[in-house]
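A.B. asks: Dumping the structure here so I can ask a few things about it.
Numbering (the numbering used here), first residue to last: 36 to 249.
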């Protein structure tokens, strides 16, 4: 694992979530390579009532209690899978939800994963058309785009033959990052633990927010 990434994943979820912005999420599939820039994250931890780990370890949440560097994938609302990266020390129950990504490579693969066989359609002909910003601008859309259809990756470590992270193409500065309350939760709704790249058009939502550097 990249040493810089290893250092980030040893930190708490609140520290790691903004630091993972800009990293390139790479997914190897039979159809080819998919790459997404991480543009939006949310932090969760054991003392957080909105976190799956809040009530302790279960068979489902066991990956969250491993040392940082594993994946935690769960099924929600009876229809979506969500991809999380476990952070912090073993036993802490921390993870960062990858909420949205900017497509960089494998656009047609992502489109087919999201919308089915689109050969010859408007989506296929205009790969950077209206559907482009809709490919991975939400946690369920992101896992669909990556071809994650079950929880088999949950508990796994990063693997260059399956899924891993590459360093950012350019440094992300504090003033480039905005925070806001997390989305779609019923507890700890005011905690500003959602982090995203300012003015990035691939972020899921742009509510009233504040810059990390202020």
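C-beta: ideal position from N, C-alpha, C; glycine also.
State the start and end residues of the unbroken beta strand (DSSP E) segment that holds residue 76.
C.D. replies: That run of the beta strand (DSSP E) goes 67 to 79.
A.B. asks: Residue 201: which of 46, 50, 59 and 47 sits nearest, CA to CA?
C.D. replies: Residue 59 is the option with its Cα nearest to residue 201.
A.B. asks: Just checking my contact of residue 146 with residue 170 at CB under 8 Å: how many whole Å lie between their CB atoms?
C.D. replies: Indeed they touch by this definition, with Cβ atoms about 7 Å apart.
A.B. asks: Excluding the five sequence neighbours on either side, which residues of its own chain have a C-beta within less than 8 Å of the C-beta of residue 233, listed in chain order?
C.D. replies: So the list reads 210, 211, 212, 213 and 246, once near-sequence residues are dropped.
A.B. asks: Once you ignore the five residues that flank residue 235 on each side, which residues in its own chain have a CB closer than 6 Å to its CB?
C.D. replies: For residue 235, where only same-chain residues beyond five positions count, the Cβ hits under 6 Å are 74.
A.B. asks: What residue range is occupied by the uninterrupted beta strand (DSSP E) comprising residue 200?
C.D. replies: Unbroken beta strand (DSSP E) run through residue 200: 198 to 201.
A.B. asks: What are the start and end residues of the beta strand (DSSP E) that includes residue 212?
C.D. replies: Run containing residue 212: 212 to 215, per the beta strand (DSSP E) assignment.
A.B. asks: Answer with buried or exposed for residue 173, where buried requires no fewer than 16 other C-beta atoms within 10 angstroms of its C-beta.
C.D. replies: Under this definition residue 173 is a buried residue.
A.B. asks: Measure from the alpha carbon of residue 132 to the alpha carbon of each residue in 124, 194, 85 and 138, then state which is nearest.
C.D. replies: That would be 85, whose Cα lies nearest to the Cα of residue 132.
A.B. asks: For the region 95 to 111 against the region 52 to 69, do three or more pairs of beta-carbon atoms, one drawn from each stretch, fall closer than 8 Å, so that the two count as touching?
C.D. replies: At 8 Å Cβ cutoff, the stretches do not touch.
A.B. asks: In the DSSP output, which residue or residues are listed as bridge partners for residue 137?
C.D. replies: Answer is 72.
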